[in-house]
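Residue numbers (this note's numbering), protein chains in the order written: chain Z, 844 to 1236; chain R, 71 to 379; chain U, 3 to 371; chain P, 3 to 371; chain H, 179 to 473. Report on one structure; see the data block that follows.
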Amino acid sequence: GEVEVLHWWTSGGEAASINVLKGLMEEEGHTWKDFAVAGGAGESAMTVLKSRAISGNPPASAQIKGPTIQEWGDLGFLTNLDDVAKKGDWDVVLPQVVSNTMKHEGHYVAAPVNVHRVNWLWANPEVFRKSGASIPTTWKQFITEADKIKAAGFTPLAHGGQAWQDATLFEAIALEKGAKFYNSAFIGLSDTTLRSEDMIDVFRTFKKVRGYVDSGFSGRDWNIATSMVINGDAAMQIMGDWAKGEFTAAGKKAGIDYVCYPAPGTSEMFTFNIDSLAMFKVKGEDNQKAQQDLARLILEPEFQETFNLNKGSIPARLNMSREKFDTCAHSSMDSFLASSSTGNLLPSMAHGMAASSMVQGAIYDVVTNYFNDESMTPEVAVDKLARAVKASM
Amino acid sequence: MKTNAINAEPNKARAGRPARLTLADWMPKIVMAPTVIVTLVCMYGYMIWTAVLSMTNSRMLPSYDFVGLSQYERLFNNDRWIVALTNLGIFGGLFILICLVLGVILAIFLDQKIRSEGAIRTIYLYPMAISFIVTGTAWKWLLNPTNGFEKLMIDMGFTDFTFDWLVNPDKVVYCLVIAAVWQASGFVMALFLAGLRGVDGDLIKAAQLDGANTFTTYRRIILPSLKPVFFSAMVILSHIAIKSFDLVAALTNGGPGYSSDLPANFMYAHTFTRSQIGLGSASAMVMLGCVLAILVPYLYSELRGERNE
Amino acid sequence: MANLVIDNVIKRYGQTEVLKGINIAIEAGEFLILVGPSGCGKSTLMNSIAGLEEVTEGRILIDDKDVTYANPKDRDIAMVFQSYALYPNMTVEQNISFGLEMRKVPKEDRDIEVKRVAEMLQITHLLHRKPAQLSGGQRQRVAMGRALARRPQLYLFDEPLSNLDAKLRVEMRTEIKKLHQKLGTTIVYVTHDQIEAMTLADRIAVMKDGEVQQLGTPQEIYDNPANLFVAGFMGSPAMNFIPTKVVATDTGPMLELDAVQKTLLPFPNKACLESYVGKTIMLGLRPEMITEPQAHKDGQPFVITTEINVEVTEPMGADTMILTRVKENEINCRSHPAYPAKPGDNIKMMFDTSKAVAFDQETGVRLDV
Amino acid sequence: MANLVIDNVIKRYGQTEVLKGINIAIEAGEFLILVGPSGCGKSTLMNSIAGLEEVTEGRILIDDKDVTYANPKDRDIAMVFQSYALYPNMTVEQNISFGLEMRKVPKEDRDIEVKRVAEMLQITHLLHRKPAQLSGGQRQRVAMGRALARRPQLYLFDEPLSNLDAKLRVEMRTEIKKLHQKLGTTIVYVTHDQIEAMTLADRIAVMKDGEVQQLGTPQEIYDNPANLFVAGFMGSPAMNFIPTKVVATDTGPMLELDAVQKTLLPFPNKACLESYVGKTIMLGLRPEMITEPQAHKDGQPFVITTEINVEVTEPMGADTMILTRVKENEINCRSHPAYPAKPGDNIKMMFDTSKAVAFDQETGVRLDV
Amino acid sequence: MSNIKAIRRKTTAIERLLRVALYLVLISVAAIYLLPFIVMLITSLKDVEEIRTGTLLSLPASLHFDSWSKAWSSACTGSTCDGISPFFLNSFQIVIPAVIISTVLGAINGYVISMWKFRGSDLFFAALLIGCFIPFQVILLPMARTLGWLGIANTTTGLVFVHVVYGVAFTTLFFRNFYQSVPGELVKAARLDGAGFFTIFYRIILPISTPIIVVTVIWQFTQIWNDFLFGVAFSGFDTQPVTVALNNLVNTSFGGKEYNVDMAAAIMAALPTLIVYVLAGKYFVRGLTAGAVKG
Ligand SMILES: Nc1ncnc2c1ncn2[C@@H]1O[C@H](COP(=O)(O)OP(=O)(O)OP(=O)(O)O)[C@@H](O)[C@H]1O
Ligand SMILES: Nc1ncnc2c1ncn2[C@@H]1O[C@H](COP(=O)(O)OP(=O)(O)OP(=O)(O)O)[C@@H](O)[C@H]1O
Ligand SMILES: [Mg+2]
Ligand SMILES: [Mg+2]
């Protein structure tokens, strides 16, 4: 049978790892039709998916994640994977948070490929050494350390000019206020929390942190920001574990040339971002067979390992050999396990795991506008946030 | 619209006209028919569909729960939309104006029996050829304060030179104008050049004898007779302006913040990324409304004008 | 008012030589008319004078200044184009006043001038139309108006009245004449209308194939054509050319009209015929010199009455043309409409050779000058 | 060969009524000439016949078929446009043969036809040029060629010879006449050339302001104009109009030429003057009827010799025009060039009123018909 | 216009000065236009390290053409790593028919609207123009459904269809406005000569339309060749045009960004369009209607 896979894993490492899957599928005697649409964090790909779906010709499988899976499921486009899941014991090998997102109305409709941790702080130890600062563990400390770094002539925080980067940073700051706050604000979307004093404080800190970003950040890609850390122009970056790929590509070693820490004040927490392939209803028994095989293969340890080694993330399934993974990945895995039992395992708002895309978009708008508008006060921002969230529900 | 108008030949209704019409009489209408059908379906049909959607609360995919005009209300309560509209005003106005002026001037200059006209023409045109997916990067570098023009000028000794429009929320829209003018003005030049090449040489001779200098000849005789070309250029440019999407996506991605957002980006983001098809459709309708407000009076005056036979 | 010197002007389009060395000197205030067959280079010459076509060789002097390479607008010339070249986007009024505007004439004066010209050309009611809404003759008048509104040093008119009706044309002709008398501007004027040429010109230049054949006053050209071409070209209907043998008689050489009847025609300038005795020359006789017998001419020296056979008659209102044939040559005669002549008749006609001219048959050059 | 009926055709451009109800019936094989002042609607009428302009009201019948709404190409008409309308992208040859090609004439026949037409129009050497490389007259001939190459039912010629020199024009005129005689095709022809009109036409339609003033044979139009307008329009130089008082004499009513000298002119149709005795009528007298005294006319019934004062003389080659003034009215007289007349002289002139016409001063309508 | 300058053989000092100034202006404008291209070209010839460290306009230390060969044949676009070369064929399959069809339709429509006016033709033209202002993004979904319904979803034919539909308004506009200034008598004369609707178009009107055909082809070719939105939304996995491949190539979300390869790929992807510009350019000819009519 044939599977057409719509995805936006187009960068070198990702492409290589998706090729593994392709190879596996071909070994099974299936044809792999690769439909890659890069760019804009999957925006174009989503457009294509919608257009394909509406024209009555959806791909067999598409890279969608988080609440979006539910939306597609609601529209009845997705196929049932329960058989594969049962054979592969998905309920066992997958952590509950992961399996929950993969299900629509209790049935598996998607297969997870990885788990990203979003709340990372990447740092260049050399810069810290030169400026006599130490890695901050709270946002308060961040400010004092950043001042030192700035005084030494470095850019304290490497940051780019994309709304999701602002949101990633914002989310990390908000996370310091605790899981309860985070849940209530970004998942429960409670108006009182959104308007709370804590939220105002988050915004206040956010604006302060803004002061440690260099002037040329606007329009900058995240990986350029990462390379500032790599080159020793900047000291830190708040970014998900995909940043590791940049360090690796530049030939840097974890723990030596760069270090990874949880974002300040969030060492107990884990904000996750899970990539997955959802399966669409297709015609033809062959093709359905191929589709089921694809779902099965995704969960195979072989693929999970290769893929995640390349991507910097950790496998979605538990109980895998850790030996090929580096220290950062190890710490991520540990944290993942630990947090899942404490309730500190949280879906990333900035990466569309927490709220619907509408709410996410509304939060983006306020956050990014606040970040770039020097004159806006935290109070105003909080008010705007609450109203925008309400309007988008 | 005009299905009925198209079939109604004025004479047919009149007494004396033979009822039988030959194929030849129908030919103009027959050849227009495909365009008419396609326009009706793929433009106006979809337009109506969009109008309908703008009054629903469609999210990820179209649905038909009517909510009246509340999407429009939401739209105009949305700060980002207001910014986008304002930007469109500034961007569109400047872009169209500069492109027209530049296009006309370059076309006139190129029309002076220039040696190697072909090479220069191609240079002016080439920005159209290169996808903004990549030129956006080049422009980003050039406009970037830390490694672009600013650095270039400072390296050349102008130490006080600052050029930080790209990162300045108040100025970033002018960066869009710069890049867009760079890209589109060459085509406007080509349009005008083609027009200039069609002007009757005797007219120019007459104007010269009447004492007009080169400048006046262009201003009073040649350019007025290029009115249809201005019309084409205006339509093309406003089309580009209102649909500038790639440009923003590649150059600023709307930033800093959303200060360089244009309606097309707003609409796209809401329709596709944020699953707000209702709101997206409403914004599309407003965009269309803006176009109509400007275009319809212009079209009216233009189409009423007699052809110069 | 300026003089104009065209000094050995040559114009080529690629291989084709259109003007082959034109030399004309026109005095200030003179009215020169260019005539010549279609395609002989009249418009090209006009364009060269105006500076709209670059001359290949030679010089053009206006007011004693060499303007060969001067800008058209610096030559202070107004021109009526054969193809009109009206500004399509301007109204008639704007078309006419444009030249004035360019010369910085104030608005009020322009309006007065436009009004005056429009009245003269009878296009006042058309002032607000665009050229596309005009008839052919109306367009031509606008083209005239555009030139006439100005007061240049030199007017160039390229067949300015060709599309007007006879009545209007006479009126316009008179207007141009008046204008010329009033302003005294130098004018070069192309026309195919013989009457226009005869009545307007101070001098006429007859062109053929890019060369000037003769330059002289209308009367000179008409009465003393320099060669066969000029003689045949000027005058409508054209001069009759009859190859005649020069025979010696007691009273000197005479011309034998036809071999059968041996009608002998006298010729005013006998001297020039001496060397041609026995040979055949080309006799030129205008139709109006072959008429019905007119009593008051009887007995005059160069008048002879003979009988001819009528082939065709052509009533033309004021006269009737009678076509006859002498030795294979068609001959046009002009008679009073009342003179009875029907095709096939043999009628008496009177030949008046007092103004006859003779040409060498080979070279076409006039003998008696 | 087909007849043509123009039945109450009205044409409006927006508000302006350009044709105000034209009625003309042309027989198969007839040669109709349209004349009229510039802008009177001739071209519009031609365009309407050809189907290039839609008529606002009325019908057009060709060969007894109503073609008012027929496609131009189904009317089988060839036309020479006043503005030529040559195909700029084609050579002269292609321009001429295009119409034949469209009628599926085989290539060889087309070539023969093009050659024939080109020779007739003397443009053989231009066959490979593009219109832009031609002179005005050459373009006009190409336009002619395009029409003449075809053999349609109906030819429409809109001022086809206006830009040709006199000689060529005469030749072309003859060619057209021959063609008409040979093929017998129906022809509608617009011209401003009176001689063309007089010599070519079977009938002439005189138009003014979108109305037909008179439709008749050339002689009828010339001798018996229906009204002042036609009388003044046809004939060049124009007919003289002299307001004269009708005075009763013993021999019936006579016309008082001028109040001072009390010269009395006789009038052929006395009956029509009876009711005007004591009033002023408009006397129409062609210039050729006022000549130098001619012996052979002396004593004829309607001839009177009187003395006039010469204002201007205009030598025109075959004749000399003498301008005089009677009661403020300019009068053109036509005299032999030899007749001695200098401005300011008082000379004797002979008035021949045998063909004089009279018009009501107010309505302009002819009295004696 | 050329006629203005052509006349003078001997030029005055001022005129010569003006002429020099004219060239200076033209060349300096050209230089400004070229700047981004130069940046791209230089970058494409540097290696990654040099891009990271060097400045924008510094010349490459040594020329690296490997980025070009990589972009052509081995850079990854999705899971396949064959460069952008395989996608050129797709693009051509879309562009050539779409440009031809839309240009021909536009020419005929323009011809009808300006020379065979019928009641409603102007109104239709206005409607067409207004219609093309509908943002392309909103028509994606209904168009997808239409294409699915027509059975040409995700095929080259479907893309050709879409490009023709949304291109025809502009091609019509160009031609109609060009034909406005063509003397109407030409059509009249041809009709009398017995030419029909298409013959007139083909024999009389098209031959005098070269400049506008050039402009239209330039516009359509560029628009369609560079289109991304339709290309990505309506293509199948095996009919993706070059822009989609280019986008995939450029948009990596991790791993070192190979700007040199991006730039090389972009320049290559633009080559067909540039070739069209150069080839079409010589048809910017003058005086096609000269000598047609008098008036
Ligand atoms: N498009 C138009 N709109 C308004 N009036 C027009 C239009 N075209 C022509 N006319 C007017 O119609 C009248 C008749 O024009 P037409 O061309 O038939 O004249 P014509 O008799 O051929 O004159 P000419 O001898 O000067 O060629 C003219 O007065 C002209 O101004
Ligand atoms: N661009 C050209 N290329 C070649 N020959 C040309 C060009 N333009 C004009 N000619 C030729 O030059 C000759 C002179 O043309 P010109 O227009 O001066 O004639 P003309 O005397 O004005 O004739 P007409 O009385 O017909 O207007 C003609 O034989 C014409 O064919
Ligand atoms: Mg000429
Ligand atoms: Mg006319």
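Glycine included, C-beta positions come from ideal geometry on N, C-alpha and C.
Asked: Distance CB(ASN372 (chain U))-CB(GLY138 (chain U)) smaller than 8 Å; Found: No statement about residue 372 (chain U) is possible, as the shown extent of chain U runs from 3 to 371 and does not include it.
Asked: Simplified DSSP assignment, three categories, for SER431 (chain H); Found: Below a pLDDT of 50, predicted positions are generally treated as unreliable, and SER431 (chain H), at 49, falls in that range; the measurement from the model is reported next regardless. Residue state, collapsed to three classes: coil.
Asked: Proximity winner among Z:SER860, Z:LEU1142, Z:ALA859, Z:GLY909, relative to HIS947 (chain Z) (alpha-carbon distances); Found: Z:GLY909
Asked: Neighbour-count burial assignment, VAL153 (chain R), 16 or more Cβ in a 10 Å radius; Found: buried
Asked: Ligand 2 heavy atom lying under 7 Å from the CB of SER164 (chain P); Found: no
Asked: Straight-line Cα distance separating LEU384 (chain H) from GLN215 (chain U); Found: 44 Å
Asked: 4 or more residues per run - each alpha helix (DSSP H) lying fully within the region 312 to 367 of chain H; Found: 314 to 328, 334 to 357
Asked: For PHE257 (chain R) and TRP397 (chain H), believed in contact at Cβ under 8 Å, the rounded distance; Found: 7 Å
Asked: HIS373 (chain U), DSSP secondary structure in three states; Found: No answer is possible for residue 373 (chain U): the residues shown for chain U start at 3 and end at 371.
Asked: Proximal chain R residues relative to GLY138 (chain U), where beta-carbon distance stays under 8 Å; Found: Chain R residues near GLY138 (chain U): none, gap ~13 Å exceeds 8 Å.
Asked: Counted within 10 angstroms of its Cβ, other Cβ atoms place PHE1150 (chain Z) as buried (16 or more) or exposed; Found: buried
Asked: Which residues DSSP lists as bridging GLU55 (chain U), in chain order; Found: GLU55 (chain U) is not bridged to any residue.
Asked: For PRO298 (chain R) and GLN358 (chain H), believed in contact at Cβ under 8 Å, the rounded distance; Found: 5 Å
Asked: Extent of the continuous beta strand (DSSP E) run through VAL208 (chain P); Found: 205 to 210
Asked: Closer than 7 Å: THR467 (chain H) CB and nearest ligand 2 heavy atom; Found: no
Asked: With 16 other Cβ atoms within 10 Å as the buried cut-off, status of VAL1225 (chain Z); Found: buried
Asked: Under 7 Å (Cβ pairs) to chain R, residues found in the region 31 to 57 of chain U; Found: ALA52, LEU54
Asked: Cβ neighbours of ASP405 (chain H) in the same chain (closer than 8 Å, five flanking residues each side left out); Found: HIS341, PRO419, THR421
Asked: Near ligand 1: ALA18 (chain P) beta-carbon under 7 Å from a heavy atom; Found: Looking at the sequence itself, residue 18 (chain P) is Thr, so the reference to Ala does not match. Yes - ligand 1 has a heavy atom lying nearer than 7 Å to the Cβ of THR18 (chain P).
Asked: Residues that TYR157 (chain P) bridges to, as DSSP identifies them; Found: P:ALA80, P:ILE189
Asked: Below-8 Å beta-carbon distance, LYS366 (chain H) vs any chain U residue; Found: no
Asked: Buried/exposed call for VAL20 (chain U), threshold 16 Cβ in 10 Å; Found: buried
Asked: Runs of beta strand (DSSP E) wholly within the region 150 to 236 of chain R (minimum 3 residues, chain order); Found: none
Asked: Heavy atom of ligand 1 within 7 Å of LYS169 (chain U) beta-carbon; Found: no
Asked: Outcome for SER99 (chain P) when other beta-carbon atoms lying within 10 angstroms are tallied against a minimum of 16; Found: buried
Asked: 8 Å Cβ cutoff, ASP1216 (chain Z) in contact with chain R; Found: yes
Asked: Any C-beta of chain R under 8 Å from that of GLY101 (chain U); Found: yes
Asked: Whether SER353 (chain R) touches ASN157 (chain R) by CB criterion (8 Å); Found: no
Asked: Alpha-carbon to alpha-carbon, ARG61 (chain U) and ALA240 (chain P); Found: 44 Å
Asked: Coil, strand or helix - TYR278 (chain P) by DSSP; Found: helix
Asked: Heavy atom of ligand 2 within 7 Å of ALA134 (chain P) beta-carbon; Found: yes
Asked: Whether VAL936 (chain Z) touches ASN1116 (chain Z) by CB criterion (8 Å); Found: no
Asked: Buried or exposed (CB count within 10 angstroms, at least 16 for buried), GLY996 (chain Z); Found: exposed
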